[in-house]
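One structure below.
Protein chains: 2
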Amino acid sequence: MFNIIEIKNGLENVKGFFCGATNVGMRPDAEDGDVAFIRSEVPCDISAVFTTNTFQAAPIKHFQKYPKDFQTDFVLINAKNANAMTGEKGIEDIDTIMSILSSKINVVNPVMSSTGVIGYRLPVDKITSAFDTLNFNASDSHRTARAIMTTDSFKKELACKVELDNGESFNIAAICKGAGMINPAMATMLCFIITDADIPKNDMDELLAQGTETSFNRISVDGDTSTNDTVMLLSNKKSGLYHKEAFRKALNQMMFELAMMILKDGEGANKLVAFEVKGAKSEEEARKASTALSNSLLVKTALFGEDPNWGRIASTIGASGIACDESKLIIHYDDLLIYSNEFRELDKERENKAYEIMKQESFKVTCNIGMGEASYTSYGCDLSYEYVKINAEYRT
Amino acid sequence: MFNIIEIKNGLENVKGFFCGATNVGMRPDAEDGDVAFIRSEVPCDISAVFTTNTFQAAPIKHFQKYPKDFQTDFVLINAKNANAMTGEKGIEDIDTIMSILSSKINVVNPVMSSTGVIGYRLPVDKITSAFDTLNFNASDSHRTARAIMTTDSFKKELACKVELDNGESFNIAAICKGAGMINPAMATMLCFIITDADIPKNDMDELLAQGTETSFNRISVDGDTSTNDTVMLLSNKKSGLYHKEAFRKALNQMMFELAMMILKDGEGANKLVAFEVKGAKSEEEARKASTALSNSLLVKTALFGEDPNWGRIASTIGASGIACDESKLIIHYDDLLIYSNEFRELDKERENKAYEIMKQESFKVTCNIGMGEASYTSYGCDLSYEYVKINAEYRT
Chain E
361 MFNIIEIKNG LENVKGFFCG ATNVGMRPDA EDGDVAFIRS EVPCDISAVF TTNTFQAAPI
421 KHFQKYPKDF QTDFVLINAK NANAMTGEKG IEDIDTIMSI LSSKINVVNP VMSSTGVIGY
481 RLPVDKITSA FDTLNFNASD SHRTARAIMT TDSFKKELAC KVELDNGESF NIAAICKGAG
541 MINPAMATML CFIITDADIP KNDMDELLAQ GTETSFNRIS VDGDTSTNDT VMLLSNKKSG
601 LYHKEAFRKA LNQMMFELAM MILKDGEGAN KLVAFEVKGA KSEEEARKAS TALSNSLLVK
661 TALFGEDPNW GRIASTIGAS GIACDESKLI IHYDDLLIYS NEFRELDKER ENKAYEIMKQ
721 ESFKVTCNIG MGEASYTSYG CDLSYEYVKI NAEYRT
Chain A
361 MFNIIEIKNG LENVKGFFCG ATNVGMRPDA EDGDVAFIRS EVPCDISAVF TTNTFQAAPI
421 KHFQKYPKDF QTDFVLINAK NANAMTGEKG IEDIDTIMSI LSSKINVVNP VMSSTGVIGY
481 RLPVDKITSA FDTLNFNASD SHRTARAIMT TDSFKKELAC KVELDNGESF NIAAICKGAG
541 MINPAMATML CFIITDADIP KNDMDELLAQ GTETSFNRIS VDGDTSTNDT VMLLSNKKSG
601 LYHKEAFRKA LNQMMFELAM MILKDGEGAN KLVAFEVKGA KSEEEARKAS TALSNSLLVK
661 TALFGEDPNW GRIASTIGAS GIACDESKLI IHYDDLLIYS NEFRELDKER ENKAYEIMKQ
721 ESFKVTCNIG MGEASYTSYG CDLSYEYVKI NAEYRT
């Protein structure tokens, strides 16, 4: 068996990795910087999951120009500018940056990741000026985590040690950026996971895809997918150890927790709500109804208003295009029955109980469709004045 | 040929119809009432388009219990309560109301339409008390139009006279309710159109479906479809006249104008924006991209912030799942080129021009996908603090 032990601090716990950040003046207010790096002593296997947006940003296209199963020892990250919709020039800018980087430090197949506003060329001079001040042997995980933030109100950083039966251990750590009602103009979310586990490349691909599906793909968000969304896993094998089930479990836990941190840091969001749809005809139908709920403006505003208005939940399910029947539907808020065929009208007592549940920082809405066996849970947050303010004023 | 002449006032212009409203105390603040009716001297053919929500409200199910091509002379409308998710009891309540109505006045196959909160039984006693105070021979179109409002800030009422070559004419009039970022918990929109044209039933069905597709189905809204959405057309043939093209044109104009009134009355909305997507591979792809734009939270908040952030437009198109290519895309705001392959970065001068365009009460965003010949236009509005306020506080 194995033990997963969550540990303080972050990336520095993983053997053979360095990280740091500096400020080159793209975001003068950001003390911790606007350019960051993660580097490994030795070349790493790398797996990545990218946005499904057709207009992928230049760093993603640059990444995909490397041969399949390439290794890298350097990830450069910048905030404030997404390098998206910048065409061939955007990719050439990365080539320029990387060739200047190569003149300063020995790197193998360096990759880049960007977040910020769409439609502007990278300030290549400013970014490469970072190479004069960055300490490439630093292990400053906190600062790195803060430098990749945009509208995030807190850094997102996790690390764990996976202890095997024989007392030996390997490590996984991650940093992540993204804030709640995720915003494509700001390049939504980036996540960098590093490990010293001796994990085969095939397992990296498989477990990263699985982990993404049950974490970042379950948080909503506004139905949009950014041009820059990126989740990367790098492994330098330095521990010489590996245990697939332990790695899977640790990775899933870590990615789920990071996804919840993104939701909690929702732009102006105050509540985290799980929308479980069960009893659907197929998992696809359960997913459709569940994401319709977590995306619905009307559900989100009702959450913000703490209004036990289950009519909006029901109407959203009815409009989601799945097989359903109002006489078979059952809705709960946490353990409180809110709607069923026999119990349609909410009396004052139950309405008050519902209101108490909705006042909590997080709660669960369960909708049993009563048509089959499939289920799916997605996670959402409320929509507040603050969200409108942040998104109306961003950029200007 | 023919002339379409818009005329003042509303339903009273159509021969042989009566209408009125009264307040029975469901919505004490509404001077003009909460129960309204439209009645014809003689039975009418009726065509209707209903919500695609699986959970259709009881009045829609009640309507559908009549035989195909039934005739009616009476429509009863109430605000404040949607009679949705009320099961068989909701339909029985309508039967009770209609049987009491029949004891007061001679009616043929009366139908009902409701708008308001989901999940509560109708107050049958209150509604039937209306029958004691309503003047069934009234022609009070303004009051009727106001009585069906919920969060609407102004009544929506239109009438026109269609003059044929020989100087004779028939009339069409309509009232409608609905406010911008349409809200399923409030039963979104209702529209009642009456005419004295001698229009065959087949044409009524055909022209109403066409008119709906280019008006109410083009306004967005939040991707949601309410349990109560209803558009009805009643014709009593009283003028004895008909001209298909003239009727089609007048109906389309009237329905489009009503749809724009709904958008302008958007909950907290300040701007009306047309999103034309052209050069798409198919009309279905153009529609997908266009409605993605008018539904996007991020586009809506950028409109509210008057931020010429075309990155959000581009990103939304890229995420909409249609065939597209960033080097072929061209974006205009009104006549101003905002983005093309050769022209990616917005300089200060153009940004200022874009800002001037966005300050207008209405403008057009055109996205040429460059992949084909198909186009589609939908209409949206901005998302303001006020929207969140209205929807967080509604009901409580």
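So the protein sequences, as listed, match chains E and A. Going by our numbering, the first sequence opens with residue 361, and the numbers climb by one from there. Going by our numbering, the second sequence opens with residue 361, and the numbers climb by one from there. Idealized CB from N, CA, C, for every residue including glycine. All of these numbers come straight from a predicted model, not from anything done at the bench.
Could you tell me which residues DSSP pairs with M472(E) in its beta bridges?
-> The sequence position of residue 472(E) within the first sequence is 112, counting from 1. The partner list for M472(E) (beta bridge, DSSP) reads L436(E).
On the three-pair Cβ rule with 8 Å, is the stretch 381–399 of chain E touching the stretch 627–641 of chain E?
-> no
Simplified DSSP assignment, three categories, for F576(A) | Here the question's residue 576(A) lines up with position 216 in the second sequence. Looking at F576(A) - three-state DSSP - the assignment turns out to be helix.
Compute the distance between the beta-carbons of K604(A) and D563(A), then report whether it is under 9 Å.
-> Mapped onto the second sequence, residue 604(A) falls at position 244. Mapped onto the second sequence, residue 563(A) falls at position 203. In this structure, D563(A) lies closer than 9 Å to K604(A) by Cβ.
Measuring CB to CB, does R399(A) end up less than 9 Å from F514(A)?
-> Here residue 399(A) is taken as the residue at index 39 of the second sequence, counted from 1. Here residue 514(A) is taken as the residue at index 154 of the second sequence, counted from 1. Against a cut-off of 9 Å, the Cβ pair of F514(A) and R399(A) comes out as no contact.
Assuming A610(E) and V522(E) make a contact with CB atoms under 8 Å, what is their CB distance in whole Å?
-> Within the first sequence, residue 610(E) is the residue found at index 250, counting from 1. Within the first sequence, residue 522(E) is the residue found at index 162, counting from 1. A610(E) to V522(E), Cβ: 5 Å. Contact.
Test: P544(E) CB closer than 9 Å to a CB of chain A = For the purposes of this step, residue 544(E) is taken as the residue at position 184 of the first sequence. Its pLDDT being 36, under 50, P544(E) is placed unreliably in this model, and the coordinates cannot settle the point.
Spatial neighbours of A619(A) within its chain, please: CB distance less than 8 Å, with the 5 preceding and 5 following residues excluded, ordered by chain position.
-> Mapped onto the second sequence, residue 619(A) falls at position 259. Cβ neighbours of A619(A) beyond the five flanking positions: S575, F576, R578, I579, Y739.
Looking only at its own chain, which residues have a Cβ that is under 6 Å from the Cβ of L623(A), when we skip the five neighbours before and after it?
-> Residue numbering aside, residue 623(A) sits at position 263 when the second sequence is read from its first letter. Cβ within range, chain order: G540, I579, L632, Y739, C741.
Within its chain, find whatever has a CB closer than 7 Å to the CB of P470(E); leave out the 5 residues flanking it on each side and keep chain order.
-> By 1-based counting over the first sequence, the position of residue 470(E) is 110. Closer than 7 Å at the Cβ level, and outside the excluded window around P470(E), lie T432, F434, L436, M458, L461.
Apart from the five residues on each side of it in sequence, which residues of its chain come closer than 6 Å, Cβ to Cβ, to A734(E)?
-> Indexing the first sequence from 1 puts residue 734(E) at position 374. A640, S642, E643, A646.
Consider the Cβ of L632(A): report whether some Cβ of chain E lies at a distance smaller than 9 Å.
-> To locate residue 632(A), count along the second sequence from 1; it is residue 272. Not one chain E Cβ lies under 9 Å of L632(A).
Listed by chain order, chain A residues near F415(E) by CB distance under 7 Å | As a working note, residue 415(E) is residue 55 in the first sequence. Under the 7 Å cutoff, chain A gives A674, S675, G678, E686.
Beta-carbon of F378(A) versus every beta-carbon of chain E: anything under 9 Å?
-> In the second sequence, residue 378(A) corresponds to position 18, counting from 1. By this cut-off, F378(A) is not an interface position.
Give the residues of chain E in contact with T585(A), contact being defined as C-beta atoms less than 7 Å apart.
-> Position 225 of the second sequence holds residue 585(A). What T585(A) touches in chain E: A679.
Output, in chain order, the set of chain A residues within a Cβ distance shorter than 7 Å of I478(E).
-> In the first sequence, the residue the question calls residue 478(E) occupies position 118. Neighbours of I478(E) on chain A, chain order: G671, A674, S675.
Name the chain E residues that come within less than 8 Å of L706(A), Cβ to Cβ?
-> Along the second sequence, read from residue 1 onward, the residue named residue 706(A) stands at position 346. Simply G479.
Cα separation between D558(E) and G600(E)?
-> Residue 558(E) sits at position 198 when you count from the first residue of the first sequence. Residue 600(E) sits at position 240 when you count from the first residue of the first sequence. Those two C-alpha atoms are separated by around 5 Å.
CB contact flag (D556(A), F377(A), <9 Å) = Here residue 556(A) corresponds to residue number 196 of the second sequence, with the count starting at 1. Here residue 377(A) corresponds to residue number 17 of the second sequence, with the count starting at 1. Cβ atoms of D556(A) and F377(A): closer than 9 Å.
Is the shortest distance between the beta-carbon of T756(E) and the beta-carbons of chain A less than 9 Å?
-> Residue numbering aside, residue 756(E) sits at position 396 when the first sequence is read from its first letter. For T756(E), the predicted model reports a pLDDT of 38, less than 50, meaning its position is unreliable; a value from the coordinates is still stated below. Yes, because at least one Cβ of chain A sits closer than 9 Å to the Cβ of T756(E).
Cβ contact check for the stretch 439–449 of chain E and the stretch 405–422 of chain E: 3 or more pairs under 8 Å | yes
Give the C-beta separation of D500(E) and C379(E) to the nearest angstrom, bearing in mind that I take them to be a contact with Cβ-Cβ under 8 Å.
-> As a first step, residue 500(E) must be located in the first sequence, where it is residue number 140. As a first step, residue 379(E) must be located in the first sequence, where it is residue number 19. That belief holds up - the Cβ atoms of D500(E) and C379(E) are roughly 6 Å apart, short of 8 Å.
Interfacial residues, the stretch 416–447 of chain A to chain D, with Cβ spacing under 9 Å | Among the chains of the structure shown, chain D does not appear; the protein chains present are E and A.
Alpha-carbon to alpha-carbon, S722(E) and Y693(E) | As a first step, residue 693(E) must be located in the first sequence, where it is residue number 333. As a first step, residue 722(E) must be located in the first sequence, where it is residue number 362. Whole-angstrom Cα-Cα distance: 11 Å.
If I'm right that F362(E) touches D525(E) with Cβ under 8 Å, what's the distance once you round it to whole angstroms?
-> Along the first sequence, one-based indexing puts residue 362(E) at 2. Along the first sequence, one-based indexing puts residue 525(E) at 165. Right, their Cβ atoms sit about 7 Å apart.
DSSP beta-bridge partners for E636(A)?
-> As a first step, residue 636(A) is located in the second sequence; it is residue number 276 there, counting from the start. T726(A), T737(A).
Residues in its own chain within less than 7 Å of C404(A) by CB, not counting five upstream and five downstream?
-> The residue you call residue 404(A) lines up with position 44 of the second sequence. Within the same chain, C404(A) has close Cβ partners Q431, T432, D433, L594, S595, N596.
Which chain E residues sit within Cβ distance under 8 Å of A701(A)?
-> On the second sequence, residue 701(A) is found 341 positions in, with the first residue counted as 1. Note on identity: in this sequence residue 701(A) is Asn, with Ala being the wrong assignment. The answer, in chain order, is G447.
Touch test, the stretch 681–689 of chain A against the stretch 710–717 of chain A, Cβ-Cβ under 8 Å, three pairs minimum = no
Tell me whether the beta-carbon of H422(A) lies closer than 9 Å to the beta-carbon of M386(A).
-> Numbered from 1 along the second sequence, position 62 holds the residue referred to as residue 422(A). Numbered from 1 along the second sequence, position 26 holds the residue referred to as residue 386(A). No; because the gap between Cβ atoms is not below 9 Å, this pair is not in contact.
Looking at I508(A) and F491(A), is the spacing between their C-beta atoms short of 9 Å?
-> On the second sequence, residue 491(A) is found 131 positions in, with the first residue counted as 1. On the second sequence, residue 508(A) is found 148 positions in, with the first residue counted as 1. No, the pair does not count as a contact, with Cβ atoms beyond the cut-off.
Roughly how many angstroms lie between the CA atoms of F703(E) and T651(E), to the nearest whole one?
-> Here the question's residue 703(E) lines up with position 343 in the first sequence. Here the question's residue 651(E) lines up with position 291 in the first sequence. So the two alpha carbons sit approximately 26 Å from each other.
Under a Cβ-count criterion, where at least 16 other Cβ atoms within 10 Å of its own Cβ denotes burial, should E401(A) be classed as buried or exposed?
-> Within the second sequence, residue 401(A) is the residue found at index 41, counting from 1. Under this definition E401(A) is an exposed residue.
Please work out which residues of its chain come closer than 6 Å, Cβ to Cβ, to S489(A), disregarding the five sequence neighbours upstream and downstream, and give them in chain order.
-> In the second sequence, counting from the first residue as 1, residue 489(A) sits at position 129. Same-chain partners within the cutoff: V384.
Buried or exposed: which applies to A634(E), given that a residue is buried once 16 or more other Cβ atoms fall within 10 Å of its Cβ?
-> Counted from its first residue, the first sequence places residue 634(E) at position 274. That one is buried.
Distance, Cα to Cα, I698(E) vs G732(A)?
-> For the purposes of this step, residue 698(E) is taken as residue 338 along the first sequence, with counting starting at 1. For the purposes of this step, residue 732(A) is taken as residue 372 along the second sequence, with counting starting at 1. One C-alpha to the other measures close to 49 Å.
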